[in-house]
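What follows is a single structure, written as structure tokens, with notes after it.
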Amino acid sequence: MDWNIGIRILSSILSESAPLVFAVIGETLTEKAGVINLSLDGSILLSAMIAFAVASLSGSLAAGFLCAMAVGGLIALIVVVGSIELRQDQVSIGFILTLVTTDLSSFLGNPFVRVPGPAVPPLPIPYLKEIPVLGPVLFNHNIVTYGSFVLIGLGWFWLFRTRPGLEVQAVGEHPAAAFARGMDVRRLRYAYTLVGGALVGIAGAGYSLNVKLGWSYQHTLGIGWIALAIVIFGGWNPLRAAMGTFLFGALQSMAGLFQGILPGVPMQAFQVAPFMLMIVVLVLVSSDLLDRFLGLLPEAVGRSLRGVIQVTPPSALGKPFERG
Amino acid sequence: MRMEKVLANRLLQLLLPFSLALLFTSLVLLWAGASPIEAYGNMLRGAFGSREKWADVLVAWVPLVLCGMGLAFTFTAGLWNIGIEGQMILGAIGATWVVRLLQLPSYLLLPASILSSLLAGALWSLVAGILRIYGKVHEIFAGLGLNFLAIGLTNYLIFGPWKQPGTATMSGTEVFPSQAQLPNFGGLALGPVEIGIAGMAIGLTAILLRGTLFGLKLNAIGRNRHAAFLMGLRIDRNLFTALALAGGMAGIAGGIQALGLFHRLIPSISSGYGYLAILVVLLTGSRVLWIAPVAFFFAAVIKGSLQLPIEMHLDSSLGGVLQGALVLSVMLFRGLQSRMLKEKE
Chain A
94 MDWNIGIRIL
104 SSILSESAPL
114 VFAVIGETLT
124 EKAGVINLSL
134 DGSILLSAMI
144 AFAVASLSGS
154 LAAGFLCAMA
164 VGGLIALIVV
174 VGSIELRQDQ
184 VSIGFILTLV
194 TTDLSSFLGN
204 PFVRVPGPAV
214 PPLPIPYLKE
224 IPVLGPVLFN
234 HNIVTYGSFV
244 LIGLGWFWLF
254 RTRPGLEVQA
264 VGEHPAAAFA
274 RGMDVRRLRY
284 AYTLVGGALV
294 GIAGAGYSLN
304 VKLGWSYQHT
314 LGIGWIALAI
324 VIFGGWNPLR
334 AAMGTFLFGA
344 LQSMAGLFQG
354 ILPGVPMQAF
364 QVAPFMLMIV
374 VLVLVSSDLL
384 DRFLGLLPEA
394 VGRSLRGVIQ
404 VTPPSALGKP
414 FERG
Chain B
-1 MRMEKVLANR
9 LLQLLLPFSL
19 ALLFTSLVLL
29 WAGASPIEAY
39 GNMLRGAFGS
49 REKWADVLVA
59 WVPLVLCGMG
69 LAFTFTAGLW
79 NIGIEGQMIL
89 GAIGATWVVR
99 LLQLPSYLLL
109 PASILSSLLA
119 GALWSLVAGI
129 LRIYGKVHEI
139 FAGLGLNFLA
149 IGLTNYLIFG
159 PWKQPGTATM
169 SGTEVFPSQA
179 QLPNFGGLAL
189 GPVEIGIAGM
199 AIGLTAILLR
209 GTLFGLKLNA
219 IGRNRHAAFL
229 MGLRIDRNLF
239 TALALAGGMA
249 GIAGGIQALG
259 LFHRLIPSIS
269 SGYGYLAILV
279 VLLTGSRVLW
289 IAPVAFFFAA
299 VIKGSLQLPI
309 EMHLDSSLGG
319 VLQGALVLSV
329 MLFRGLQSRM
339 LKEKE
């Protein structure tokens, strides 16, 4: 294959994965604190729609992104108030919110269907983009994609290399112990859920204003569920979750290539492929099927592979905490 | 005196969240530049304006009730059967398959296709069960993946092997022959078979959940799976049974959509009723006798909101906004009330 084609494919995988990276890392942060925001699919839809509407009407992309963040944050606020203050089931609230926000996006977005609108402009970084191979792959994007790169590094560093990161892990793993050590469990859960929600909002805007321009009925349907699955695949680690997102993007673009090469395979097979992949991957990371297979390998190899593939969720994920 | 207080409390529990949901929906309408009063008037007329409209509401009520009854089993067992939507779709596929396969008189063909829809739905739910129990994949992800697969399968069949002679279109497969259409009450979209099946499902669910050892076991498993296991209950088998019952009922709901309403397989054959039934059951809990009336209200909202695009050029998804806002505010209000009670103590 021609070098340039390979570079172009890599570069487009990175830019098209950017919104999903925002959603995945946002939800990873939320879940690290022990809260599940299940509403991702609807949150992304509604924030994408609002971002497009605001940016089109006001002519300001920044306003579009800000409103999308507000929408994502507001939905997250309902999840966190409902579960922490009112002690209702997080999964139920998230599911209801998914349906409401999906329908809201259809209702309010009706006048904006297939209307042309603004797009985030490209922003190649001078000098850096001249570096052979790395330059066009990493530094010839726009601000959304650069933002996703920064977020990956920042998310990882924050969670695993700083004191507040350590605290949020404690809150997600063992809230009672964290509370006893003087941490404000409730405040931390509020903060991480809201920040996570705002990042999910950016993901929505990243679709309608960047990689899937415009608005149509149920514009991004399904992508939120993929994001939730990638959080699990990523083992609640931003770095690994980002790798999962890029892997997903790579498989998507490979599917696009195959679709051209293999006309005999029905189109629908490619449409459902992401969701089949989701199930297969979840079986791999959570069942003991893999365990049995790894048992056949030499022990050292098996153990290290297991460490790479298997994941464990934060122990207190989705569980209410009484005293906070 | 106490009775009155309880009753007043109940009313408050319903009326306050309902007004809150109406208020929210009205704000949404105002934001879209429409008059809420005009919109609600249209919705009321769309649901109850004529004999035909009443019948249409019941046509939506039947699949909602069937899915709701199915979900009563899985929710009681502590399972989040989000795959109910796909189970309904598979039911429609199962029914269509028999209609295409067999040349039989009506009195044999209809039972055969309804049976096939039951089996298809139940088998589809067992896939989610296998993924849940042996693959340790949460049923929400397993179910959702299978829902998308079911939609893909429907589209594949409509545009592939089952396409209409000539050209494949979004309008679905060929119309079923008349012996494969459920009978109707003169001129209405509603028939006796659907109503009968819904009634049977309500009865069966009420008896199984409230009057049998099986219901008790499901309840124990749903409340504390580990304790139920220690008591010697066979968890896996009971979960599979609950899923199969849910899938079977949802399958019949899908079969009825194909045999009684659309008379063919169409891309959105389930009309989202599976997800909607989850909302119904989140509102009522697994209390069978509440599911039926609440499902009726939801059916009326769906049919009523279909009037919005016709009369006011608004999207019919407003109905979903109202339903979701209602369930959410009931839930939050419930939490608020128990919090206030606790603080009083």
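Chains A and B are the protein sequences, given in the same order. Note that the working numbering gives residue 340 to position 247 of the first sequence, counting from 1, and the numbers run on in steps of one. Note that the working numbering gives residue 262 to position 264 of the second sequence, counting from 1, and the numbers run on in steps of one. Here a beta-carbon is modelled for each residue, glycine too, at the ideal position from N, C-alpha and C. Only a predicted model underlies this, so the values are computations on that prediction, with no experimental measurement involved.
Assess, as a yes-or-no matter, whether the region 327 to 334 of chain A is touched by the region 237 to 249 of chain A under the definition of 3 or more beta carbon pairs within less than 8 Å.
yes
On the DSSP bridge list, what partners appear for P215 of chain A?
A:N235
Against A140 of chain B, what residues of chain A qualify as contacts under a CB-to-CB distance less than 7 Å, listed in chain order?
I372
Would you please state the rounded distance, in angstroms, between the beta carbons of G252 of chain B and S266 of chain B? I believe it to be under 8 Å.
Rounded, the Cβ-Cβ distance is 12 Å, inconsistent with contact.
Contact criterion: CB-CB distance below 7 Å. Does N233 of chain A meet it with respect to chain B?
no
Residue range of the unbroken alpha helix (DSSP H) whose run includes L221 of chain A:
From DSSP, L221 of chain A is part of no alpha helix (DSSP H); its letter is neither H nor E.
I want to know whether the region 122 to 137 of chain A touches the region 289 to 298 of chain A - three or more CB-CB distances under 8 Å.
yes
For the alpha helix (DSSP H) containing D234 of chain B, name the first residue and the last one.
233 to 254
Any beta-carbon of chain B closer than 7 Å to the one on N203 of chain A?
True, the Cβ-Cβ gap to chain B drops below 7 Å.
Is there at least one Cβ from chain B nearer than 7 Å to I218 of chain A's Cβ?
no
Checking contacts by CB at 7 Å: is K134 of chain B closer than that to chain A?
yes
Classify K342 of chain B: buried if its beta carbon has 16 or more other beta carbons within 10 angstroms, exposed otherwise.
exposed
For Q49 of chain A, which three-state DSSP category applies?
Since the first residue shown for chain A is 94 and the last is 417, residue 49 of chain A is missing from the structure and cannot be characterised.
Establish whether the CB of R180 of chain A and some CB of chain B are separated by less than 7 Å.
yes
Which whole-angstrom value is the C-beta distance of T195 of chain A and S108 of chain A, which I expect to be below 8 Å?
Rounded, the Cβ-Cβ distance is 26 Å, inconsistent with contact.
Classify W122 of chain B as helix, strand or coil using the three-state DSSP reduction.
helix
Distance, S284 of chain B Cα to F73 of chain B Cα:
Using only the alpha carbons, I get a separation of about 7 Å.
Using 10 angstroms around the beta-carbon of N97 of chain A, count the other beta-carbons present and answer buried if the total reaches 16, otherwise exposed.
exposed
Can a CB atom of chain B be found closer than 7 Å to the CB of L170 of chain A?
no
Evaluate the contact criterion for the region 208 to 219 of chain A versus the region 305 to 312 of chain A: three or more CB pairs, one atom per stretch, below 8 Å.
yes
Selection of the region 317 to 330 of chain B by Cβ proximity to chain A, strictly under 7 Å:
Using a CB distance below 7 Å, the part of the region 317 to 330 of chain B facing chain A consists of G318, V319, G322, A323, V325, L326, M329, L330, ordered along the chain.
F183 of chain B, DSSP secondary structure in three states
In the displayed model, F183 of chain B falls within coil according to three-state DSSP, outside both helix and strand.
Whole angstroms is fine: what's the gap from Y154 of chain B's alpha carbon to V174 of chain A's?
In this structure, the alpha-carbon of Y154 of chain B lies about 43 Å from that of V174 of chain A.
Indicate whether V292 of chain B and V278 of chain B have their beta-carbon atoms separated by less than 7 Å.
A contact, by the Cβ cut-off of 7 Å.
What does the Cβ neighbour count give for D234 of chain B, buried or exposed, with the cut at 16 atoms within 10 Å?
exposed
Measuring straight from C-alpha to C-alpha, what distance separates V324 of chain A and A70 of chain B?
30 Å
Since F146 of chain B meets chain A, which of its residues come closer than 7 Å, beta carbon to beta carbon?
G315, V365, F368
In three-state DSSP terms, what is P381 of chain A?
Per the sequence shown, the amino acid found at residue 381 of chain A is Asp instead of Pro. Looking at D381 of chain A - three-state DSSP - the assignment turns out to be coil, as it is neither helix nor strand.
Three or more C-beta pairs closer than 8 Å, one from the region 47 to 65 of chain B and one from the region 136 to 147 of chain B: is that the case here?
no
Own chain residues within Cβ distance below 8 Å of S380 of chain A, not counting five before or after:
none
Would you mind telling me which residues of chain B sit closer than 7 Å to Q361 of chain A, beta carbon to beta carbon, in chain order?
Residues of chain B with a Cβ closer than 7 Å to the Cβ of Q361 of chain A are, in chain order, G150, N153, Y154.
Hey, which unbroken runs of the alpha helix (DSSP H) at 4 residues or more fall wholly within the region 253 to 324 of chain A?
256 to 266, 268 to 273, 278 to 299
Closer than 6 Å to a non-hydrogen atom of the ligand PLP - does that hold for the CB of T238 of chain A?
Looking at this structure, you won't find the ligand PLP or any other ligand, since it has none at all.
For G417 of chain A, name the three-state secondary structure that DSSP assigns.
For G417 of chain A, the pLDDT reaches just 42, beneath the cut-off of 50, and the residue's location in the model is therefore unreliable, although a value from the coordinates is still provided. The answer is coil: DSSP assigns G417 of chain A none of H, G, I, E or B.
Is any beta-carbon of chain A found at less than 7 Å from that of D313 of chain B?
yes
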